[in-house]
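In what follows, a single structure is set out as structure tokens and then discussed.
Protein chains in written order, with our numbering: chain P, 1 to 423; chain Z, 424 to 846.
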């Protein structure tokens, strides 16, 4: 019986060229975040179903891969639901596991705690092009920092890393969940239905103002509220792209929905935009965008998203989620995170034919079959010396079709060849 | 409802200090293997159950975490066995996935193909101290190299990496599955029961000659065979530890069980031992050990294992498995691999208080709460310049208990502090 060559549905194998690029990106990200004092941690790929299904994951909770119970604990005869036969699930993001980790180990961790996590996450999505059921996420988070220093450091560190990966002229869109809520109240949307308004609003760049108007009306919201809301957003589009223009737009927006109620939020956003613009390393702009929503329900304050000119939609994002640690510990702890859309970054670099900088010389040494052991020892000793001198030396048997073998090796980046024949 | 702080049973969180060491080890391993021309690849953590249960995994096949079917495919009402409700499993090693990968992509890969894989594997073992259900493996494999060059390069590369991690005076024990079989035939053990003999023999260093004698007798083997076998192994213990003594022991062993039948094996082992001793970088010895068995059933030729003086049992091993690719492709392809016992290596280094060499200066800047945004911008601009100059700069809020905060930071490797106060 022949075995199955394909990876399981929706997951994929990574070939050497992409893998080298991924490792390069990860090393740049690790090094950059390290300079900012983020320390790397790791959590298991599996988590308890109670934590995964705690309403922190939004729609991702519908996409959990569950792990079957084992041994005596698996009783198929009496099982009625998936809960009866499974005892853990594969994580759908790195945030829920990180918060659990922080709750479990806070006493052993620095305060504030700056965490870096890279790892695989899993979602049982319908397989489609460019979207896989296992993919890498790359998150930084800060626990225990109440002030905007958290947002500022997250944005500075992430944009520095992205900048070092050759990206430029990108944008960090920023807003605040509290501002969204103030806006919804100002427009007169009923408080218990605001989430539905935000979901529609999130689609503004896809379906346009007309689309938003239609969807809000279909969902039964008052025409007056809808018009008030849309007027706010179409006004926000004006002005230039520099920090001053962004601050002006922010101030205009806050004035309209109520200067007093939004004063603290305005000050925070203002500090973040000005400080990031003043201390940034990479070539990008901060953009105030009151239509920014971010899917996850757990955000409590600032939210941000980053987008590249080459790629329409978001390539990462994050925000403040000050309530989640409390779900584990009973005690609220300020928390704020930024996640890089690692798979998209890698995809764009692959498509652009990005070349990994500073690769060392790679030399391939082809050995004729049946080389005497004494001679082989000399060749390998010589290879050792070249490797000690930081060269890559591939020692391999000479194939019958030497020309093809060399072509193959050239395509893998080997630039020099040596051939060794039997005496 | 409070959520669960603990990781799932048998899995664990990795704290910053260990994580830094793990990443350091991985970077040394990657760099060393890279110099030898190994290219890194990745496969999904899940594999089809057909492949995982193909009898290549030995006892590990009993320890598979299965993933529950989803949606309409999950029919608990009619389910009788685990097979009915699960459609994939978490991999228990990296070898089965690698061979599947090679079978699927051979046309896109170099020939010979030298692969490096590091990744998590999963075994539903009973939880016990120091043994976890998710752990990291770190394997190199060579496909398409029939000659002993494969074994030699695997051993040279692995020992070079281990040596760079500060280990010395370790041992690579080597033997050959074919030699074990020739030995069993010479002793008169029935061919269909040789595997059982090998399992007992594998315990020689644990239960001693008397234990082996007893277990073989209990399993019904003839006394004459048992005595013949034990005579072989007690004789092998003599002689020194240098390459000459090892070659002499090998020759003595082969002469006893039949010079003609073992001629090719003897030559191969001789070439490997002499060449490795002649071209090695690290401080270790090659030891011929005819009692070496290695658990997995898939080995077809050379087998080897490496052990450290600090740690009694094996810290990694591998061998030749020329038949496994054929199970996927119908066409046999030479294959040989070496797996580092990554978790053991890390554990030993942790216990020894290993210090990561060449860490850059780490500076912590403590900022008094309520710093004016303009001043904050200046501080962060200065931090940017220090980071550009390869320094690690942690910028964080000043805690009320500053003394404790600094102690904490010192224990995390911060060596210099700056304090910034409001004007």
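Even glycine gets a Cβ: it sits at the ideal position worked out from N, Cα and C.
Query	Result
Tell me which same chain residues have a C-beta within less than 7 Å of the C-beta of residue 474(Z), skipping the five on either side of it?	519 and 523
Counting only Cβ pairs nearer than 7 Å, list the residues of chain P close to residue 576(Z).	395
Listing by chain order, which chain Z residues have their CB less than 9 Å from the CB of residue 167(P)?	Residues of chain Z passing the Cβ test: none, with the nearest at roughly 18 Å.
Cβ atoms of residue 803(Z) and residue 275(P): under 8 Å apart, would you say?	yes
Which first and last residues belong to the beta strand (DSSP E) in which residue 538(Z) is found?	536-545
For residue 246(P), does the count of other Cβ atoms within 10 angstroms reach 16, so buried, or fall short, so exposed?	buried
Tell me the residue span of the alpha helix (DSSP H) that contains residue 557(Z).	No alpha helix (DSSP H) holds residue 557(Z); the beta strand (DSSP E) holding it covers 557-566.
Ignore the nearest five residues each way along the sequence and tell me which others in residue 612(Z)'s own chain have a CB closer than 7 Å to its CB.	620, 644 and 648
Counting only beta-carbon separations shorter than 8 Å, does residue 350(P) have a partner in chain Z?	no
Taking buried to mean at least 16 other C-beta atoms within 10 Å of its own C-beta, is residue 470(Z) buried or exposed?	buried
For residue 798(Z), which of helix, strand or coil comes out of DSSP?	helix
Mapping DSSP to helix, strand and coil, what is residue 148(P)?	coil
How is residue 253(P) classed by DSSP in three states: helix, strand or coil?	helix
Nearest CA to the CA of residue 495(Z): which residue from 510(Z), 629(Z), 575(Z) and 488(Z)?	510(Z)
Determine, for residue 40(P), whether the minimum Cβ-Cβ distance to residues of chain Z falls below 8 Å.	yes
Going by the CB atoms, is the gap between residue 302(P) and residue 322(P) shorter than 8 Å?	no
For residue 715(Z) and residue 594(Z), which I take to be in contact (beta-carbon distance under 8 Å), what is that distance rounded to the nearest angstrom?	11 Å between Cβ atoms; not a contact.
Is the Cβ of residue 455(P) closer than 8 Å to any Cβ of chain Z?	Summary: the structure shown does not reach residue 455(P), with chain P confined to residues 1 through 423, and so no result is reported for it.
Answer with yes or no whether the minimum CB distance from residue 593(Z) to chain P is below 8 Å.	no
So which of 513(Z), 482(Z), 682(Z) and 431(Z) has the shortest CA-CA distance to residue 491(Z)?	513(Z)
Going by DSSP in three states, residue 434(Z) sits in which element: helix, strand or coil?	coil
Can you list the residues of chain P that residue 547(Z) reaches, using a CB-CB cut of under 8 Å?	70
So, does the CB of residue 346(P) fall closer than 8 Å to a CB anywhere in chain Z?	no
Closer than 6 Å by C-beta to residue 394(P): which residues in its own chain qualify, once you throw out the five before and the five after it? Chain order, please.	364
Got a sec: is the Cβ-Cβ distance from residue 750(Z) to anything in chain P below 8 Å?	yes
Does the structure place the segment 394-408 of chain P close enough to the segment 570-577 of chain Z that three or more beta carbon pairs sit under 8 Å?	yes
Measure the C-alpha to C-alpha separation of residue 442(Z) and residue 194(P) and round it to an integer number of angstroms.	42 Å
Kindly indicate which three-state DSSP category residue 698(Z) falls into: helix, strand or coil?	helix
Listed in chain order, which residues of the segment 687-700 of chain Z have Cβ atoms closer than 7 Å to some Cβ of chain P?	694, 697 and 698
Roughly how many angstroms lie between the CA atoms of residue 842(Z) and residue 789(Z), to the nearest whole one?	5 Å
So residue 579(Z) contacts chain P; which residues on that side make the cut at Cβ distance below 8 Å?	380 and 384
DSSP puts residue 305(P) in a beta bridge; with which residues?	173(P) and 317(P)
When the cut-off is 8 Å and only beta carbons count, does residue 302(P) lie next to chain Z?	no
Please confirm whether residue 373(P) has its beta-carbon closer than 8 Å to some beta-carbon of chain Z.	yes
Can you give me the C-alpha to C-alpha distance between residue 430(P) and residue 436(Z), rounded to a whole angstrom?	Any question about residue 430(P) goes unanswered here, given that chain P covers just 1 to 423.
With a threshold of 8 Å between beta carbons, is residue 310(P) in contact with chain Z?	no
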